[in-house]
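The next block holds one structure in the form of structure tokens; read it before the comments.
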Amino acid sequence: MQKIPFGKPMIGKEEKDAVIEVLNGSILVHGPVADKFEQLFADFTNAPHAVSVSSCTAGMHLIYFALGYGPGDEIIIPAQTHVATAHAVELTGARPVFVDAEEHTGNIDINAIETSITSRTKAIAVVHYLGVPVDMPKIMTIAKKHNLFVLEDCALAHGATINDIHTGLHGDAGVFSFYPVKHFTTGEGGMIILKDNYLAQKLKLIKAFGVDRSHGERKIPGVYDSITLGFNYRMSEIHAAIGVEQIKKLSNFLVKRKDNFERLANKLNDLPDVRVLPQPWDEKFKSCHYCLAVLLNKKLFKKRPEIINLLNKKGIGSSVYYPQPVPRMKYYEQKYGYNNNQYINAALISDSMIALPVGPHLNLGDMDTIALELKSCLEQIK
Ligand SMILES: *Cc1c(COP(=O)(O)O)cnc(C)c1O
């Protein structure tokens, strides 16, 4: 057992009791608990509409499907992201068009977006990388000019805001993940937030087979019609019950993340041979501190596995976000080809970063331990 694991779900008695309560009842899907979780998530983010789904990936696919994207269409996405951002596009038959990262944040390089727009471009998807908000006002200016839909992949953006408006509400839709090591968990799960009522109703319809009436609306049990093609991308009551309890703890988790991040960043900022990716917390941009990314200097690239192993031996968990620029991943490389000069910053971040934990399962003393041990690892490998 690691003393300081990278991620650890914060499941307490409240979550366990809530799950038992659902299991003791008779409604496991299509029930009041998912509705309640949606309401609480909408309240937290100040979103007009929230639609629960089975994962962030499902939510993104659902949106693209609802918008009718398919072969011949192009969607702009960042190269530095989870493969899910690209798969959600690819699953529709549309083509993901990758754009490199900015070196200083890891977010999509906004200045490189417009040259990637063609007559086939339908949408821009952005990712708030490690919880650092993308400059959405700039993205929206480009999107409006070219009449493009904007999806925010908010898988790591719970609590991140721009001008005090939650991420996910600047573009046309935002999709969150509740996978175990994200800011909070439902086991598996996701949530879409959006402003447009018509699209919200459509998403609710097609996340459940395109069935025209929910259980409560059926005059004769079991009798319904399907009015459009759809998926089963729902969130069960069991998962939602965990979410209802977890979201009550989110504000507290976020404070801990910020405190941990600042403590660790302060201790690592003047270390030679490494660079800490900054996470803003100012009037305009508020990060939600998913983890602390340390980038190794070029001469240490090859030593990364050794450093990670040494940290691991000291009981310190780490991760890599994300292990490859997505266009370099085998599936995409084989399908679209990969050019080493095209995604230089994304490759630099993928190949040099160590993601250190700052989650609410850890305290300031743990941050001091991480800093101390990282320093000694760097000494040791010299
Ligand atoms: C984790 C992650 C996803 C996938 O989320 P799931 O809920 O597991 O589908 C998508 N995008 C990003 C940026 C992620 O970090």
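Going by this note's numbering, 377 is the number at position 377 of the sequence shown; the sequence numbering is gapless.
C-beta atoms are modelled at their ideal positions from N, C-alpha and C, and glycine is treated no differently.
Small disclaimer: the values here were computed from a predicted structure and weren't measured.
Pairing D368 with E102, the inter-Cα distance amounts to about 29 Å.
By the rule of a C-beta closer than 6 Å to any heavy atom of ligand 1, the residues picked out are S55, C56, T57, T81, H82, A84, T85, V127, D153, A155, L156, S177, Y179, G190. Residue range 173-177 is occupied by the beta strand (DSSP E) that includes F176.
Boundaries of the beta strand (DSSP E) harbouring V51: 49-53, taken from the DSSP string. Contact check for H61 against L91 passes: the beta carbons are separated by less than 8 Å. Judged by pairs of C-beta atoms under 8 Å, the segment 68-75 does not touch the segment 35-54, as fewer than three such pairs exist.
Contact annotation: G168 and E188 have beta-carbon atoms that are not nearer than 8 Å.
Within the model, the alpha-carbon separation for H170 versus P137 is close to 8 Å. Counting C-beta pairs closer than 8 Å gives three or more between the segment 120-138 and the segment 277-285, which meets the contact rule.
Judged by DSSP secondary structure, T121 falls within the beta strand (DSSP E) whose first and last residues are 121-127. If you look at I77, you'll find it in the beta strand (DSSP E) that goes 74-78. For R257, the number of other beta carbons within 10 angstroms of its own is at least 16, and it is reported as buried. Our two residues, V51 and L194, have alpha carbons roughly 9 Å apart in a direct line. Nearest to K122 by alpha-carbon distance, out of L148, V326, H87, is L148. The C-alpha of T45 lies about 14 Å from the C-alpha of F184. The Cβ atoms of A355 and L268 do not sit closer than 8 Å to each other. It is roughly 24 Å from the alpha-carbon of V255 to the alpha-carbon of C56. In the DSSP annotation of this structure, the continuous segment of the beta strand (DSSP E) that includes V97 starts and ends at 95-99. Below 8 Å, too few C-beta pairs join the segment 212-232 and the segment 82-97 to call them touching: fewer than three. The DSSP-derived three-state label of A157 is coil. Rounded to whole angstroms, the Cβ separation of G359 and G7 is 6 Å, and the two are in contact under 8 Å. A Cβ-Cβ distance of about 7 Å is found for the pair L310 and Q380, placing them in contact under the 8 Å criterion.
Here the alpha carbons of V175 and F41 stand approximately 12 Å from one another.
Counting other Cβ atoms within 10 Å of its Cβ, K204 reaches 16 or more and is therefore classed as buried. N232 is bridged by DSSP to A208.
Between the segment 318-328 and the segment 338-345, the count of C-beta pairs closer than 8 Å reaches three or more; the two stretches touch.
When only Cα atoms are considered, I316 and L295 end up about 17 Å apart.
For the set K298, K335, W281, G31, the Cα lying nearest the Cα of N163 is the one of W281. Your pair V99 and P78 checks out as a contact, with CB atoms roughly 6 Å apart and the cut at 8 Å. Contact check for D196 against D212 fails: the beta carbons are separated by 8 Å or more.
Counting other Cβ atoms within 10 Å of its Cβ, G93 stays below 16 and is therefore classed as exposed. Here D43 is exposed, its C-beta having fewer than 16 other C-beta atoms within 10 Å. The C-alpha of P5 lies about 44 Å from the C-alpha of H146. The C-beta distance from V150 to M140 rounds to 7 Å, short enough to meet the 8 Å contact threshold. Rounded to the nearest whole angstrom, the C-alpha separation of S54 and Y129 is 22 Å.
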